[in-house]
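Q: The structure's right below; bear with me while I get my questions together.
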DNA sequence: CAAGAAACGAGAATCGATTATCATCTCTCC
DNA sequence: GGAGAGATGATAATCGATTCTCGTTTCTTG
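Protein chains in written order, with the working numbering: chain A, 1 to 122; chain B, 123 to 244.
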């Protein structure tokens, strides 16, 4: 087991993911590498401080993290495996929903359903 | 202080709200009525079982509850006061975001910004 | 009014997520 | 090779949210 390189192992796993991962989710993907949960949290915290990572809250799964260089996008949450996938593209017409006097600075869209793998299995 | 009527006090407060409320938020609106936090949780739990309430997760504020008779709608989350407001209307074009093989069963939209009151104060 | 059932409030207990602690290990720079 | 700094893993501690427990109170029914 290498030391002092564990955090980069964490970052690599996050970069290879197809969506934001929670600390636990990330940790379970690192089983076998000997990386401890505390190190995962330390890496995530550092990444956010550095500005290389971003914490996002999708739904029901607590906070998840993903690289900050993925641009504006949204997520698809599989209700079976509870994994969040990145989506590309956005939606129009959000402004029409805003009540008078409110100022919008951002938006989040989450699509729910079953992913490819879970749909096949069903 | 009346007893055995506390739960209806909880339901009334929730019906009068302009958006979903968390247990704490609801409880703080009932300060002065003598209603305990446990009773708020009991009422919420019962309401969800009855089907009269629905639990929703907006963002960052944990679970919130609202009456189930409000139809399909979304929410606006004020980043200053952290209160969630009901919005009316919906958006189009969500289907185009779904990857091949995925099946969509629902969606959530949250607009972020500052509400009327907090915008005025700023 | 009396008895039993259900609801109540306060605070203890629990639960999951995150953070802090600490002894050990590894890397860097002599 | 050695010293010091920083990183690491295991685990304890913390924190907030929610649920549970218990003695008390209120409601219902007669």
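Glycine included, each C-beta is placed from N, C-alpha and C at the ideal position. Keep in mind the model is a prediction, meaning the values are calculated, not measured.
1) Reducing DSSP to helix, strand and coil, say where residue 133(B) ends up.
2) Taking a contact to mean a Cβ-Cβ separation below 8 Å, would you say residue 63(A) touches residue 28(A) in this structure?
3) Is there a C-beta anywhere in chain B that falls below 8 Å from the one on residue 114(A)?
4) Identify the continuous beta strand (DSSP E) that holds residue 128(A) and give its terminal residues.
5) Apart from the five residues just before and just after residue 82(A), which ones in its own chain have a Cβ nearer than 7 Å to its Cβ?
6) What is the DSSP secondary structure of residue 3(A), reduced to helix, strand or coil?
7) Check this for me: beta carbons of residue 52(A) and residue 7(A), under 8 Å apart or not?
8) Give the list of continuous alpha helix (DSSP H) stretches no shorter than 4 residues that lie fully inside the region 136-179 of chain B.
9) Please report how far the alpha carbon of residue 106(A) lies from the alpha carbon of residue 193(B), in whole angstroms.
10) Between residue 213(B) and the rest of its own chain, which residues show a CB-CB distance below 7 Å, the 5 nearest in sequence each way excluded?
11) What number of angstroms, rounded off, separates the C-alpha of residue 239(B) from the C-alpha of residue 137(B)?
12) Look up residue 245(B) in the DSSP assignment and say whether it is helix, strand or coil.
13) What is the DSSP secondary structure of residue 216(B), counted as helix, strand or coil?
14) What does a CB cutoff of less than 6 Å around residue 198(B) pick up in its chain, not counting 5 residues either side in sequence?
15) Does DSSP put residue 117(A) in a helix, in a strand, or in coil?
16) If residue 179(B) sits next to residue 141(B), beta carbons under 8 Å apart, how far is it from one beta carbon to the other, in whole angstroms?
17) Give, in chain order, every residue of the region 91-109 of chain A whose Cβ lies closer than 8 Å to some Cβ of chain B.
A: With the structure as the only source:
1) Residue 133(B) falls in the helix class under three-state DSSP.
2) Taking 8 Å as the Cβ cut-off, residue 63(A) and residue 28(A) do not qualify as a contacting pair.
3) Closer than 8 Å to some Cβ of chain B, the Cβ of residue 114(A) qualifies, so yes.
4) Nothing can be reported for residue 128(A), as the shown portion of chain A is limited to 1 through 122.
5) Non-local C-beta neighbours of residue 82(A) in its own chain, meaning closer than 7 Å and more than five positions away in sequence, comprise 61, ordered along the chain.
6) The pLDDT assigned to residue 3(A) is 48, lower than 50, so where the model puts this residue is not dependable; a value taken from the coordinates is nonetheless given after this. Coil.
7) The answer is no: Cβ separation not under 8 Å.
8) Those alpha helix (DSSP H) runs which fall completely within the region 136-179 of chain B and span 4+ residues are 145-151, 159-172.
9) Each residue's Cα considered, the two are about 24 Å apart.
10) Sequence-distant partners of residue 213(B) (beyond 5 residues in either direction) whose C-beta falls short of 7 Å from its own C-beta, in its chain, are 231.
11) About 21 Å.
12) What the structure shows of chain B is the stretch from 123 to 244, and residue 245(B) is not part of that stretch, so it cannot be assessed.
13) The answer is coil: DSSP assigns residue 216(B) none of H, G, I, E or B.
14) Taken in chain order, the residues that qualify are 207, 209, 233.
15) Shown here, residue 117(A) sits in a helix according to DSSP, grouped into three states.
16) Contact doesn't hold; Cβ gap of about 13 Å is too wide.
17) Within the region 91-109 of chain A, the qualifying residues are 91, 92, 93, 94, 96, 97, 98, 99, 100, 101, 102, 103, 104, 105, 106, 107, 108, 109.
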